[in-house]
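What follows is a single structure, written as structure tokens, with notes after it.
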Amino acid sequence: MPVRWTNQFTKMKKSYITFEVALMNTYAVEDLSKSKIIEFFKLHWGSPEMVISSGIYDCSALDGFAVLNEEEKIIGLITYLIKDNECEIISLDSMEEGKGIGTSLVQEVENLAIKKNCKIVKLITTNDNLSALKFYQKRGFILSKIIHNAVKEARKVKPEIPLIGNDGIPIRDEIEMIKVLN
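Using UniProt numbering, you'd call the opening residue of the sequence shown number 1 and step up by one each time.
Shown next, in the form of structure tokens:
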């Protein structure tokens, strides 16, 4: 099976099937300028502050990984923290869905969590985020807890959290998801 490398893609062709895998430039966020990280969060979240039931976080100060395109623009970013034997994903953003960016970033965190002897990776999403629920379940995460009215509490700290989210669904509850690591 011939493999041809190009600047942007690796292509493997066999009869009628073509696979394309983007070559991603993945960096630890500590290797990027803090201003670039802050700018990203302001653009996509309104601020780098993340308010969830597990705590209030400055995402620009957390560990993480980023994928940059050829123009050095962030097209994917994940932040996490490790506490005891657990790794918690605090944020995951992919600006180009369906290209493996989110999957690659989650795998980076899972690999690091295994090296750090974590037993689980967990995260929190909201009840309206159906795409996140699908994404994580396809990657082995399970629903572990529903925190009713958690977003109402979060709005007391961060009032700019919208009332209505994806697909017109009211944003009310948080859903904790976990993946047990082998």
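Cβ coordinates follow ideal geometry from the N, Cα and C atoms, glycine included.
Since the structure is predicted, the reported quantities are computational estimates derived from the model, not experimental observations.
Asked: From Lys34, Leu112, Ser35, Trp45, residue whose alpha carbon lies closest to that of Lys158; Found: Trp45
Asked: Identified DSSP bridge partners for Tyr57; Found: Met50
Asked: Reduced DSSP category for Asp63 - H, G, I as helix; E, B as strand; rest coil; Found: strand
Asked: Stretch-stretch touch, CB-based, cutoff 8 Å, three pairs: the region 105-113 with the region 31-44; Found: no
Asked: Alpha carbon of Gly98 to alpha carbon of Gly76, nearest angstrom; Found: 12 Å
Asked: Coarse secondary structure for Asp93, derived from DSSP in three states; Found: strand
Asked: Element boundaries [beta strand (DSSP E), containing Lys83]; Found: 74-83
Asked: Whole runs of the beta strand (DSSP E) within the region 111-138, excluding any shorter than 3 residues; Found: 120-126
Asked: Alpha-carbon to alpha-carbon, Glu72 and Ile90; Found: 23 Å
Asked: Classification of Ala150 by the beta-carbon crowding that lies within 10 angstroms, buried from 16 upward; Found: buried
Asked: Test item: CB-CB of Glu96 and Phe65 under 8 Å; Found: no
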